[in-house]
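Just below is one structure, and these are the notes that go with it.
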Amino acid sequence: MINTKKFYDYLIKKELDFFTGVPDSLLKNLCSCIKENTDSKHNIIAANEGNAIGLASGYHISSGKFGVVYMQNSGIGNTVNPLLSLADEEVYSIPMLLIVGWRGEPGIKDEPQHVKQGKVTIDLFKTMGIECLVLDDNYEKQLDYCYSYMKENNKPIVLVVHKGTFSEYDSSKTSNSYDLTREESLEVIMNSINKDDFIVSTTGKTSREIFELREKRKEGHSNDFLTVGSMGHTSSIACGMSIGSKKNIYCIDGDGSFIMHMGSFAIIPQVADKNFKYILINNGAHESVGGQPTVGFNIDVEKILKGCGFKNVYKATTKEEIKRGVEKIKEDSLQALVIYTKLGSRKDLGRPTVSPIDNKKAMMKKFGN
Ligand SMILES: Cc1ncc(C[n+]2csc(CCOP(=O)(O)OP(=O)(O)O)c2C)c(N)n1
Numbered sequence: 278m279i280n281t282k283k284f285y286d287y288l289i290k291k292e293l294d295f296f297t298g299v300p301d302s303l304l305k306n307l308c309s310c311i312k313e314n315t316d317s318k319h320n321i322i323a324a325n326e327g328n329a330i331g332l333a334s335g336y337h338i339s340s341g342k343f344g345v346v347y348m349q350n351s352g353i354g355n356t357v358n359p360l361l362s363l364a365d366e367e368v369y370s371i372p373m374l375l376i377v378g379w380r381g382e383p384g385i386k387d388e389p390q391h392v393k394q395g396k397v398t399i400d401l402f403k404t405m406g407i408e409c410l411v412l413d414d415n416y417e418k419q420l421d422y423c424y425s426y427m428k429e430n431n432k433p434i435v436l437v438v439h440k441g442t443f444s445e446y447d448s449s450k451t452s453n454s455y456d457l458t459r460e461e462s463l464e465v466i467m468n469s470i471n472k473d474d475f476i477v478s479t480t481g482k483t484s485r486e487i488f489e490l491r492e493k494r495k496e497g498h499s500n501d502f503l504t505v506g507s508m509g510h511t512s513s514i515a516c517g518m519s520i521g522s523k524k525n526i527y528c529i530d531g532d533g534s535f536i537m538h539m540g541s542f543a544i545i546p547q548v549a550d551k552n553f554k555y556i557l558i559n560n561g562a563h564e565s566v567g568g569q570p571t572v573g574f575n576i577d578v579e580k581i582l583k584g585c586g587f588k589n590v591y592k593a594t595t596k597e598e599i600k601r602g603v604e605k606i607k608e609d610s611l612q613a614l615v616i617y618t619k620l621g622s623r624k625d626l627g628r629p630t631v632s633p634i635d636n637k638k639a640m641m642k643k644f645g646n
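All residue numbers for the sequence shown refer to the numbering used here, where the first residue is 278 and numbers rise by one.
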């Protein structure tokens with residue numbers, strides 16, 4: 278195990294002092310340590326991992342220093358374009374250090390959405406011509422090597438991180454002033470929609486909580502599409518579904534997911550039918566992976582949705598307001614509800630026990646396919 282603060286201090290010693298990325302549960306302690314010890318201009322939680330590559334590139338060009346990009350391996354896909362058409366040695370040749378959490382590492386049990394990504398992680402970097410080391414206790418030597426490599430080759434280099442590599446880093450807990458939990462909000466939503474309505478829920482604990490609520494209510498899972506991976510694409514999946522069927526489709530999104538691919542909201546209201554209903558649970562954080570902040574409370578989410586074409590955007594902070602909000606969005610097309618919640622989840626929260634393929638098959642059957 279690596280002492281997280283010592284690792285951070287060594288990065289700083291090597292003048293690797295600009296951090297950007299998307300938080301990851303496996304890198305939770307490192308992300309907390311970076312957040313606690315770095316000013317907000319030198320630790321930018323990016324909308325998505327591709328943006329982080331852009332930020333690190335710009336920083337290098339103007340400062341001459343090497344940026345550090347942290348992310349889960351699920352985010353590699355978002356980085357492929359800027360790694361190959363911006364940072365690559367055949368284009369602008371921009372050095373940076375990528376620190377990548379290795380979910381789904383072969384031989385280690387993990388959730389279905391991480392298995393394939395884990396299997397191909399090293400090969401994906403190899404295919405892109407990016408050198409990749411697996412971080413171990415000799416991290417000082419490895420960081421010395423990475424630094425020299427970046428200096429000599431002007432190329433990105435990757436440190437892949439096993440689960441459990443970083444020691445616990447106790448950071449001050451983030452919180453906000455809202456009363457409801459995400460799970461309480463979800464229960465009110467489920468009580469307010471009709472029995473045959475469909476739900477498409479976002480990546481992380483939202484989908485895990487919906488799964489458990491359905492178990493508790495003995496309602497089965499075939500009306501819910503749990504977007505276990507593919508963070509940020511929940512709204513597009515729901516929109517596609519609403520075009521393919523007349524059934525009501527409730528998209529239940531998170532602020533991190535909304536922000537990750539916010540561009541989709543420029544498109545969705547242009548094509549979504551009356552049966553597309555959008556609910557955003559905004560807790561101002563990537564709560565599922567450790568509560569690192571998003572800009573969910575710094576931006577006017579309601580105005581953004583309205584500006585993109587939603588006719589009415591309702592806001593809820595209490596159970597009563599959620600109930601009323603769902604009644605409202607039932608009535609017409611292009612209606613959205615933004616629910617503000619506090620952070621936190623049950624300690625004993627489980628994971629879906631129905632496989633993604635079985636979930637999809639049952640849902641397609643329910644749609645009549
Ligand atoms: C492309 C990608 N990057 C990062 C992750 C890791 N991840 C899973 S859930 C999550 C946070 C989601 O935040 P938000 O949408 O605000 O929902 P919350 O957890 O706050 O309910 C992250 C970063 C991922 N699954 N995919």
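Ideal Cβ positions, reconstructed from N, Cα and C, are used throughout, including at glycine.
Note that the structure is predicted; figures quoted are calculated from it, not measured.
- Using a Cβ distance threshold of 7 Å, residue 537 and residue 509 count as a contacting pair.
- In the three-state scheme derived from DSSP, where H, G and I count as helix and E and B as strand, residue 554 is classed as strand.
- For residue 546, the enclosing alpha helix (DSSP H) has its first and last residue at 541-548.
- Taking 7 Å as the cut-off, the Cβ atoms of residue 582 and residue 613 count as close.
- Annotation for residue 389: the continuous alpha helix (DSSP H) segment containing it runs 389-404.
- Nearest to residue 497 by C-alpha distance, out of 475, 479, 506, 504, is 475.
- Using a cutoff of 6 Å, the CB of residue 373 does not count as near ligand 1, since none of the ligand's heavy atoms is closer than that.
- When the beta-carbon positions are compared, residue 446 and residue 280 stay at least 7 Å from each other.
- Counting C-beta atoms within 10 angstroms of its own C-beta, residue 334 has 16 or more neighbours from the protein chains shown and is therefore classed as buried.
- For residue 532, the shortest C-beta to heavy atom distance toward ligand 1 is below 6 Å.
- Proximity of the beta carbon of residue 298 to ligand 1 is not indicated: no heavy atom of the ligand is located closer than 6 Å.
- Taken through DSSP and simplified to helix, strand or coil, residue 530 comes out as strand.
- Assigned with DSSP and collapsed to three states, residue 327 falls in helix.
- Residue 637 and residue 487 have their C-alpha atoms some 16 Å from each other.
- Per the C-alpha coordinates, the member of 330, 340, 566 positioned closest to residue 358 is 330.
- No heavy atom of ligand 1 is found nearer than 6 Å to the CB of residue 513.
- Taking a 10 Å sphere around the C-beta of residue 623, we find fewer than 16 other C-beta atoms and assign the residue as exposed.
- As computed with DSSP, residue 503 is found in a beta bridge with 478.
- The shortest C-alpha to C-alpha distance from residue 579 to any of 610, 532, 383, 604 is the one to 532.
- In this structure, residue 560 has its CB closer than 6 Å to one or more heavy atoms of ligand 1.
- Contact between the region 290-302 and the region 489-504 is not established, with fewer than three Cβ pairs separated by less than 8 Å.
- Counting only runs that start and end inside the region 323-379, the alpha helix (DSSP H) elements of at least 4 residues fall at 326-340, 353-359.
- Going by beta carbons, residue 514 and residue 477 fall inside the 7 Å limit.
- Excluding five sequence positions before and after residue 608, none of the CB atoms of its chain fall closer than 6 Å to its own CB.
- Not a single heavy atom of ligand 1 lies less than 6 Å from the C-beta of residue 541.
- By the criterion of at least three beta-carbon pairs nearer than 8 Å, the region 378-395 is in contact with the region 349-365.
- Per DSSP, residue 445 lies in no beta strand (DSSP E) segment and is marked neither H nor E.
- For residue 561, no beta strand (DSSP E) segment is defined, and its DSSP state is neither H nor E.
- Proximity of the beta carbon of residue 521 to ligand 1 is not indicated: no heavy atom of the ligand is located closer than 6 Å.
- Judged by DSSP in its simplified three-state form, residue 382 adopts coil rather than helix or strand.
- Rounded to whole angstroms, the Cβ separation of residue 605 and residue 617 is 16 Å, and the two are not in contact under 8 Å.
- Around the beta carbon of residue 551, fewer than 16 other beta carbons sit within 10 angstroms, so the residue counts as exposed.
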